[in-house]
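Colleague: Residue numbers (this note's numbering), protein chains in the order written: chain A, 1 to 499; chain Z, 1001 to 1640.
Heads up, the beta-carbon is just placed ideally off N, CA and C, and yes, glycines get one too.
This structure is a prediction, so every number in the text was calculated from the model and none was measured.
(1) Compare the C-beta of residue 392 of chain A with all C-beta atoms of chain Z and state if any pair is closer than 7 Å.
(2) Over what stretch of residues does the beta strand (DSSP E) that includes residue 1071 of chain Z continue unbroken?
(3) Which class does residue 146 of chain A belong to by DSSP, given the choice of helix, strand or coil?
(4) Name, please, each residue of chain Z whose Cβ falls closer than 7 Å to the Cβ of residue 366 of chain A.
(5) Does residue 1029 of chain Z have its Cβ less than 7 Å from a Cβ in chain A?
(6) Apply the 10 Å Cβ neighbour rule to residue 239 of chain A and answer buried if 16 or more other Cβ atoms are within range, or exposed otherwise.
(7) Please identify, using Cβ separations under 7 Å, the residues of the segment 1232 to 1256 of chain Z that lie next to chain A, in order along the chain.
(8) Against residue 1206 of chain Z, what residues of chain A qualify as contacts under a CB-to-CB distance less than 7 Å, listed in chain order?
(9) Give every residue of the same chain whose Cβ lies closer than 8 Å to the Cβ of residue 472 of chain A, excluding the five residues on either side of it in the sequence, and list them in chain order.
(10) Looking at C-alpha atoms only, which residue of A:160, A:85, A:94 is the closest neighbour of residue 128 of chain A?
(11) With a cut-off of 8 Å, do at least 3 Cβ pairs link the segment 416 to 431 of chain A to the segment 282 to 297 of chain A?
(12) Quick check: residue 1531 of chain Z and residue 1423 of chain Z, are their CB atoms within less than 7 Å of each other?
(13) For residue 434 of chain A and residue 465 of chain A, I'd like the C-alpha separation in whole angstroms.
(14) In the DSSP assignment, what are the bridge partners of residue 500 of chain A?
(15) Starting from residue 1077 of chain Z, follow the beta strand (DSSP E) in both directions and report where the run begins and ends.
(16) Could you have a look at residue 80 of chain A and say whether DSSP puts it in helix, strand or coil?
(17) Run down chain Z in chain order and give the residues with a C-beta less than 8 Å from the C-beta of residue 354 of chain A.
(18) Name the chain Z residues whose beta carbon is nearer than 8 Å to that of residue 433 of chain A?
(19) Is residue 1451 of chain Z helix, strand or coil when you go by DSSP?
(20) With 7 Å set as the bound, which would you pick, yes or no: does the beta-carbon of residue 428 of chain A sit closer than that to a beta-carbon of chain Z?
(21) I'd like to confirm the pairing. Which residues does DSSP put opposite residue 523 of chain A in its beta bridges?
(22) Please decide whether residue 175 of chain A counts as near chain Z, where near means a Cβ-Cβ distance under 7 Å.
(23) Relative to chain A, which residues along the segment 1130 to 1152 of chain Z have a C-beta separation below 7 Å, given in chain order?
(24) Could you please give the first and the last residue of the uninterrupted alpha helix (DSSP H) stretch that includes residue 545 of chain A?
(25) Could you pull the start and end residues of the alpha helix (DSSP H) that residue 1402 of chain Z belongs to?
(26) Can you check whether the C-beta of residue 1172 of chain Z is within less than 7 Å of a C-beta belonging to chain A?
(27) Report the rounded CA-to-CA distance for residue 1505 of chain Z versus residue 407 of chain A, giving the unit in angstroms.
(28) Cβ of residue 269 of chain A within 7 Å of Cβ of residue 197 of chain A?
(29) Cβ of residue 409 of chain A less than 7 Å from any chain Z Cβ?
(30) Quick check on residue 1095 of chain Z: buried or exposed, where buried means 16 or more other Cβ atoms within 10 Å of its Cβ?
(31) Exposed or buried, which one is residue 1445 of chain Z when buried takes at least 16 other CB atoms within 10 Å?
(32) Hey, out of A:445, A:393, A:398, A:328, whose CA is closest to residue 351 of chain A's CA?
(33) Counting only the same chain and skipping the five closest in sequence on each side, list residues whose C-beta sits under 6 Å from that of residue 69 of chain A.
(34) I'd like to know if residue 523 of chain A contacts chain Z, where contact means its C-beta is closer than 7 Å to some C-beta of that chain.
(35) Cβ closer than 7 Å: which chain Z residues qualify as neighbours of residue 387 of chain A?
(36) Is it true that the CB of residue 413 of chain A sits closer than 7 Å to the CB of residue 399 of chain A?
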């Protein structure tokens, strides 16, 4: 339903980019901050219209916009949103607002460029989730790379150049292969239209190679073990805002890519590779958790926890069932919210103490009780406490994995024990114990602005945890459609496109 | 009226929310009224539902109330829904009833604590989660309560988090419980996959048909449930968190670590009676673990010198009795003992708290003595609790424990003998805990001088609980057994299941016989004998224990050090995992994987550097290369 008949998706995608360009003309830090916040808020508000005008129960694309872009090569400007991408778009627009709110203080140099890049990044990420033409998708995919490279490289920590370059090279290697894959697909199907390409019956061998070409790009983004070593460096060096967006949204481009592209385009290859990918996902879950347990720096602890959490998402996706994909899709959102909140809280502490080493803290709950209380809720959400958001995603993923192979579920469930261990260790060393360090005895508790930054996330933890069907209602039909596409016997089965 | 059952949850939820958000602004006075009031309202609803159930015929006493559909993905569906029946309402009455008294007591006990509101927010949250656990109509919602009480317990054990030992104890409790939760989560997956539902009524009606008796899956499921139960109910091998949990404020020990939360495993096992009925081997494991834990923990309780730790090990031991009961199929007896234990153990802990309060936090019984002169109410109530725990005839613990021993006898005389030995030890350590601190001479004059009786807010709950501890047994008098008849319909299915499994004698239907009276007499004698022995050893002949200890040699040291189980777990499990984690982080990740990545990068860099040398700028060389290349290509095309 789109009562005003306006190109909503284009507006959401290009409003941040246009806002970023206007920002360049604005003088004064205060005006720039307000402008960036306003742009992100309006974008978020408009993206909420997608939720309001959503046609319930439909699996296909909604709010579709489509016209020829480069007719010579049949490249189209083709946008659409379904249950798999809707929540990711909303997550992107929400997290951008919160990151800008967080960045109100603490960005000392080149504020204008920082805000410009953030808005540009937002547009790129939304484009990735909405694009249904492979070339358009590729353009947006690469568009996100550049702002993040600069965010890490300019506003990052001491080893920022190394981290930014590593991030850049790693991602570029993956996307170069994806580009080759896209071109091969074009020669097979004569189009870049994703929905049309899904009807192709590719030879199993070709499917396998193409899966690997796309899959490497996505696996690096996720990151799937053993392609994860760029992540801790990028996170530790990135400024807080960059980390939140990186963990909250950019990683999801990888898992989303698997669901949106690899599964429906290469169904047989997907089925063939299940044991391999599930094994890597499980290694990621347990290995990531154990490495997180050994970290001394709070931020790298959170970074490695992402490796473990994204392992769960991959496990859900490659259960190849409606429940697994729905659970994984929700878990992408959950991870964005919980880990986003964790990075925000690490940043808030860093702004006060200019250190992130666990050994420098201890007993903080006494000094900053509101912070302590919120940190505990966030940690519990991340640890998958039933009643909060993380549990719903994880449980559905594990149950789906159980149907695929009981061993997957056993190891995955074991990972949940470890998750509690590293998070409670962080709580123990940071918040509990005596307040011994004099530097910690004077730090102020959270300001209203900071509480407001975290509040939407914490409220969503409870809403998703208690009423997940609000979200599953939208995800389920599209998840089922992916499964149908995986199991299609003949090319006649197609996904309904809303014209 | 059952549709109002959600009110039981709503009151503590509201209390938690209000106190968590506005507690400090409301002040101690308001919070001190609000928090107990919310639990009292919940208790009121529970009583009302209980009376309603009583007014209905036995077969109409099970009601399900769906609140909303929780989640639906693929073909998986589960609701947020409550089951109101004899078992759940009994549990709800214990939880809210004992919980209310402990709230009241806490108002006095925690009065001077700076974080008073936070304490009550946590207490209300605990009640909310415990009620979710016992009222859930399906395994997944039960799991919410299951982990929720774990969180509440973590928060309350670590309430005085400045103390490293308290913070560590909280963390340990949560993590050890998570190992148990691992079992529950996997059991849930097996149940849904096998039966297509998680709703208790559905599961228990389908299980006998789909799985049948002795089926491998039902064995796995019940063993996983047992793992979960050993975590929450502090049985071997996962009991290790409970003694440390005594770091929390004493009302917490009473409420969570004695009266309510730790009984969750017994409740869950009893609720799953049908499944255990289908898997007699698993049920046997429950009984064996219960019996062994009971004896094991009682032996440790005998050697502890910290009053709260004596009670902690005693709790583990008594929970072992409950496991023994549900393991031999005497579910109603298990729940009966759960209820009487809730009274007398809450009483003992609160009385211990009163001692602590009077002695400025001192808990070492070797420093106490002759406290009955200074703290009469505390002494008399403690005495009632200890006597009930020891199984002195006509007090509550006597009836419930005796019933368990009677059913254990029918299953296996060996189990009965272990239970009886434990009963003897129980009587000795209970009265040791009475005689050493309250009788004899004051050992620490200064401490004794300052000792004083506690305020009314604390002593009144003690008296009420003491009455309960004395009289609660009369709901389960031998042969009359009101509670058994009340609960019988809930466990009816398990008897059928057990019959299917060919172990009908396992069900709690065995005929009463004269032997029951003989055994009753034996238990009574053992309890009285134990008490007398304690009197001889700790009042009359106080160097006895020392000589016994010396004659036992290494064994005494082994028991005093709690069999070194904590040390063994650290050495075998915790430290190796930490070492692996450190090795992964520092060697595998940084040198191995990242080293490989950087290796690829340097190789690429080297190739690039070599390639750069080719680009010499000598046009002649380029031309030559092109020539060679073209010739080679042509040659290849021709030869091919």
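Modeller: From the atom records:
(1) Yes, because at least one Cβ of chain Z sits closer than 7 Å to the Cβ of residue 392 of chain A.
(2) Here the beta strand (DSSP E) through residue 1071 of chain Z covers 1063 to 1073.
(3) The three-state reading of DSSP puts residue 146 of chain A in helix, counting H, G and I together.
(4) The CB of residue 366 of chain A comes closer than 7 Å to the CB of 1162 in chain Z, given here in chain order.
(5) Output row for residue 1029 of chain Z: interface = no.
(6) Under the 10 Å beta carbon count, residue 239 of chain A is surrounded by 16 or more other beta carbons and is classified as buried.
(7) Within the segment 1232 to 1256 of chain Z, no residue has a Cβ that lies closer than 7 Å to any Cβ of chain A.
(8) Listed along chain A, no residue sits closer than 7 Å to residue 1206 of chain Z by beta-carbon distance, the nearest being about 18 Å off.
(9) The answer, listed in chain order, is 326, 330.
(10) Measuring from the Cα of residue 128 of chain A, the nearest candidate turns out to be A:85.
(11) Segment contact: the segment 416 to 431 of chain A against the segment 282 to 297 of chain A, three or more CB-CB distances shorter than 8 Å; contact assigned.
(12) Cβ atoms of residue 1531 of chain Z and residue 1423 of chain Z: not closer than 7 Å.
(13) Looking at the two C-alpha atoms, the distance is approximately 33 Å.
(14) Nothing can be reported for residue 500 of chain A, as the shown portion of chain A is limited to 1 through 499.
(15) Counting along the chain, the beta strand (DSSP E) containing residue 1077 of chain Z begins and ends at 1076 to 1084.
(16) Look at residue 80 of chain A here: in three-state DSSP terms it is strand.
(17) Here the premise fails: no neighbours, minimum Cβ distance about 24 Å.
(18) Contacts between residue 433 of chain A and chain Z, judged by CB atoms closer than 8 Å, involve 1161, 1162, 1164, 1167 in chain order.
(19) The answer is coil: DSSP assigns residue 1451 of chain Z none of H, G, I, E or B.
(20) Output row for residue 428 of chain A: interface = yes.
(21) Nothing about residue 523 of chain A can be read from this structure; chain A reaches only from 1 to 499.
(22) Not one beta carbon of chain Z lies nearer than 7 Å to the beta carbon of residue 175 of chain A.
(23) Of all residues in the segment 1130 to 1152 of chain Z, those with a C-beta nearer than 7 Å to a C-beta of chain A are 1143, 1144, 1147, 1148, 1151, reading in chain order.
(24) Residue 545 of chain A falls outside the range modelled here, since chain A spans only 1 to 499, and no answer is possible.
(25) Counting along the chain, the alpha helix (DSSP H) containing residue 1402 of chain Z begins and ends at 1396 to 1411.
(26) Judged by the 7 Å Cβ criterion, residue 1172 of chain Z is not in contact with chain A.
(27) In this prediction, residue 1505 of chain Z has a pLDDT of 45, which is less than 50 and means its spatial position is unreliable; what the coordinates show is noted afterwards. So the alpha carbons of these two residues sit roughly 37 Å apart.
(28) In this structure, residue 269 of chain A sits away from residue 197 of chain A, with a CB-CB distance that is not shorter than 7 Å.
(29) Yes - at least one Cβ of chain Z is within 7 Å of the one on residue 409 of chain A.
(30) Counting Cβ neighbours within 10 Å, residue 1095 of chain Z comes out buried, since at least 16 surround it.
(31) Looking at its Cβ environment, which holds fewer than 16 other Cβ atoms inside 10 Å, residue 1445 of chain Z is exposed.
(32) Per the Cα distances, A:445.
(33) Residues of the same chain with a CB within less than 6 Å of the CB of residue 69 of chain A, apart from the 5 flanking positions on each side, are 75, 76, 77 in chain order.
(34) No information on residue 523 of chain A is available, as it lies outside the stretch 1 to 499 that chain A covers here.
(35) By Cβ distance, chain Z contributes 1144, 1148.
(36) No; because the gap between Cβ atoms is not below 7 Å, this pair is not in contact.
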